[in-house]
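Quick note, in this note's numbering, the sequence shown goes up one by one and the last residue is 343. Note that the Cβ used here is the ideal one computed from N, Cα and C, for glycine as well. Note that the structure is predicted; figures quoted are calculated from it, not measured. One structure is given below, encoded as structure tokens.
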Amino acid sequence: MLAAMNKIDKVVDHVLRDQCDLITRSQALAEGMPESSLRARLRPGGRWTIVLPGVYFAHNGSLTVGQREMAAVLYGGRDSVITGQSALARRGVRISPTQVIDVLVPHDRRRQSAGFVVIHRTKRLPEQAWHSNGLRWAPTARAVADAVRGETDMRRVRALVAAAVQQGKCTIEQVRAEVLAGPTRGSAALRTALQEVAGGADSGVEVEFHQLVEGSGLPQPLYNASLYIGQEFLARPDAWWPRAGVAAEVDSREWHLSPSGWQRTMARHAKMSAHGIVVLHLTPQRIRTEPAVVASELRAAIQIGEQRPPLAIRAVTNPR
24 MLAAMNKIDK VVDHVLRDQC DLITRSQALA EGMPESSLRA RLRPGGRWTI VLPGVYFAHN
84 GSLTVGQREM AAVLYGGRDS VITGQSALAR RGVRISPTQV IDVLVPHDRR RQSAGFVVIH
144 RTKRLPEQAW HSNGLRWAPT ARAVADAVRG ETDMRRVRAL VAAAVQQGKC TIEQVRAEVL
204 AGPTRGSAAL RTALQEVAGG ADSGVEVEFH QLVEGSGLPQ PLYNASLYIG QEFLARPDAW
264 WPRAGVAAEV DSREWHLSPS GWQRTMARHA KMSAHGIVVL HLTPQRIRTE PAVVASELRA
324 AIQIGEQRPP LAIRAVTNPR
């Protein structure tokens, strides 16, 4: 009997090693572990901890991020795919951390959300899920769509779309394809955000900047136009008033997270200033909390700029 239990323990330990010290009830029983042994390990003060219904952790401590992700997939069952913010973070998209893990499961699977796992039953499991650490993950565009489905906070939706697209993890076209292929219900905010980005804004705060300009009666600028001196490219400011020679840049560490990105912003400023362009740098906080002051500063710069001869700068708009 002892030899048989030792053999079972070795097999169970092998499963635990492969699954970050996690195991399901069905796996433990399938390897021959008696119900009594399982109950003994799960009792208060026992060797194992219940982390999700039918999913056990072979320790009493806290789960790491990777262990939470493994537990979520074990709970979701065969063919489960992690999506939403967890998948975006795993893909390297710089977003705020989340305690919730979204999991896609086949539509006919009777599984309910539990603990830190939100279950999404779907008839559209990703055909090209990517694999990492033994788990399946939704493609970035699908993860974006799933992360904001049902969301009504436009600022959050814009930020997630902008983060994924601006950081080069997916394209607007890929996100739009996901929206068209998925259910209409819960997609209104995402559809609006896509229209705004396609209209010329590279980040959520730039959309708010557009709204500030249009609502304050300022002259209409060129958004995201490429500026040239002859054939020499200068920069691509967020807004450009050609008659006044004024450019506005929406600057934020949120969108220029690396030191090299910030240095490029400053170098661009210097290059524009050297050719007589008046560059105003605006932060998201000021756009959101001091819109009237920002509009007044822009208006003053434009009025002063229009009193001097036009700059010999060529602007080329950038169609999306």
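Collapsed DSSP secondary structure at Ala335 in the structure displayed
Reading the sequence shown from its first residue, position 312 is the one you call residue 335. In this structure, Ala335 counts as coil in the three-state DSSP scheme.
Kindly indicate which three-state DSSP category Pro307 falls into: helix, strand or coil?
As a position in the sequence shown, residue 307 is number 284, starting the count at 1. If DSSP states are grouped into helix, strand and coil, Pro307 belongs with the helices.
Spatial neighbours of Trp263 in its chain, beta-carbon cut-off 7 Å, leaving aside the 5 residues before and after
Start at 1 with the first residue of the sequence shown, and residue 263 comes out as number 240. Pro244, Leu245, Ala248, Leu250, Ala270, Ala338.
For Gly111, I'd like the list of residues in its chain whose CB is within less than 8 Å of its CB, leaving aside the five on either flank, ordered along the chain.
Here residue 111 refers to the residue found at position 88 when the sequence shown is read from its first residue. The sequence shown places Leu at residue 111, rather than the Gly named in the question. So the qualifying residues of the chain are Ile118, Thr163, Ala166, Val167, Ala170, Leu183, Ala186, Ala187, Lys192.
So, is Phe256 buried or exposed, given that buried needs 16 or more other C-beta atoms within 10 angstroms?
The residue you call residue 256 lines up with position 233 of the sequence shown. Exposed, because fewer than 16 other Cβ atoms sit within 10 Å of the Cβ of Phe256.
Residue environment, Val88, which counts as buried when at least 16 other CB atoms sit within 10 Å:
Stepping through the sequence shown from its first residue, residue 88 is reached at position 65. That one is exposed.
Ignoring anything shorter than 4 residues, give me the alpha helix (DSSP H) runs that lie fully in the segment 78–129, in order along the chain.
88–99, 107–113
In three-state terms, what does DSSP make of Ala262?
Looking up residue 262 in the sequence shown gives position 239. Correct three-state label for Ala262: strand.
If you draw a straight line from the alpha carbon of Thr288 to that of Gln189, how long is it in whole angstroms?
Counting from one through the sequence shown, the residue named residue 288 turns up at place 265. Counting from one through the sequence shown, the residue named residue 189 turns up at place 166. Going by the C-alpha atoms only, they are around 15 Å apart.
Reference Glu92; option with closest CA among Pro265, Val140, His292, Met177
Counted from its first residue, the sequence shown places residue 92 at position 69. When only C-alpha atoms are compared, the closest one is Val140.
Could you check what DSSP says for Ser249 in three-state terms: helix, strand or coil?
Stepping through the sequence shown from its first residue, residue 249 is reached at position 226. Strand at Ser249.
Report buried or exposed for Asp176, applying the criterion of at least 16 other Cβ atoms within 10 angstroms of its Cβ.
Stepping through the sequence shown from its first residue, residue 176 is reached at position 153. So Asp176 counts as exposed.
What are the start and end residues of the beta strand (DSSP E) that includes Arg159?
Numbered from its first residue, the sequence shown carries residue 159 at position 136. Looking at the DSSP string, the run of the beta strand (DSSP E) that includes Arg159 is 158–160.
Distance check for Gly209 and Phe80, CA to CA, integer angstroms please.
The count along the sequence shown starts at 1 and reaches residue 80 at position 57. The count along the sequence shown starts at 1 and reaches residue 209 at position 186. Approximately 35 Å, taken between the alpha carbons.
Val141 bridges to which residues according to DSSP?
Translated into the one-based positions of the sequence shown, residue 141 becomes position 118. In DSSP, Val141 forms a bridge with Asp125.
Among Ile300, Leu158, Gln135, Leu65, nearest to Pro333 - alpha-carbon criterion:
For the purposes of this step, residue 333 is identified with residue 310 of the sequence shown, where counting begins at 1. Considering only alpha carbons, the answer is Ile300.
Would Val273 pass as a contact of Glu313 if the rule is Cβ separation under 7 Å?
On the sequence shown, position 250 is the one that residue 273 refers to. On the sequence shown, position 290 is the one that residue 313 refers to. Contact flag unset, no.
Whose CA, out of Val316, Arg311, His292, Tyr98, lies closest to the CA of Val302?
Within the sequence shown, residue 302 is the residue found at index 279, counting from 1. Taking only the C-alpha atoms, the option nearest Val302 is His292.
For Thr340, the nearest candidate out of Glu320, Pro265, Ser319, Ala315 (CA to CA):
The residue labelled residue 340 in the question sits at position 317 within the sequence shown. Ranking Glu320, Pro265, Ser319, Ala315 by Cα distance to Thr340 puts Pro265 first.
What's the C-alpha gap between Thr72 and Arg214?
By one-based count along the sequence shown, residue 72 stands at place 49. By one-based count along the sequence shown, residue 214 stands at place 191. So the alpha carbons of these two residues sit roughly 43 Å apart.
With a CB to CB cut of under 8 Å and the five nearest residues on each side skipped, what residues in its chain are close to Glu417?
A question about residue 417 goes unanswered here, because the residues of the chain that appear run from 24 up to 343.
When you compare only the Cα positions, how much space is there between Ala152 and Asp102?
Residue 152 sits at position 129 when you count from the first residue of the sequence shown. Residue 102 sits at position 79 when you count from the first residue of the sequence shown. Ala152 and Asp102: Cα-Cα distance of roughly 10 Å.
Run through the DSSP bridge pairs and tell me what Val236 is partnered with.
For the purposes of this step, residue 236 is identified with residue 213 of the sequence shown, where counting begins at 1. Its beta-bridge partners do not exist; DSSP assigns none.
Considering only DSSP beta bridges, list what Ser155 is partnered with.
For the purposes of this step, residue 155 is identified with residue 132 of the sequence shown, where counting begins at 1. Ser155 pairs with Leu158.
With a threshold of 16 other CB atoms inside 10 Å of the CB of Ile327, please say whether the residue is buried or exposed.
Locating residue 327 in the sequence shown gives position 304, counting from the first residue. With fewer than 16 Cβ atoms within 10 Å of its Cβ, Ile327 is classed as exposed.
If you check the beta carbons only, do Val180 and Ala212 fall under 7 Å apart?
Taking the first residue of the sequence shown as position 1, residue 180 is located at position 157. Taking the first residue of the sequence shown as position 1, residue 212 is located at position 189. Closer than 7 Å, so yes.
Identify, in the order they occur along the chain, each residue of the same chain with its Cβ nearer than 8 Å to the Cβ of Arg134, setting aside the five sequence neighbours on each side.
Looking up residue 134 in the sequence shown gives position 111. The residues are Tyr98, Gly99, Gly100, Val128, Ile142, Arg144.
Whole-number beta carbon distance between Gly77 and Arg48, since they are thought to touch under 8 Å:
In the sequence shown, residue 48 corresponds to position 25, counting from 1. In the sequence shown, residue 77 corresponds to position 54, counting from 1. That pair is a contact at about 4 Å.
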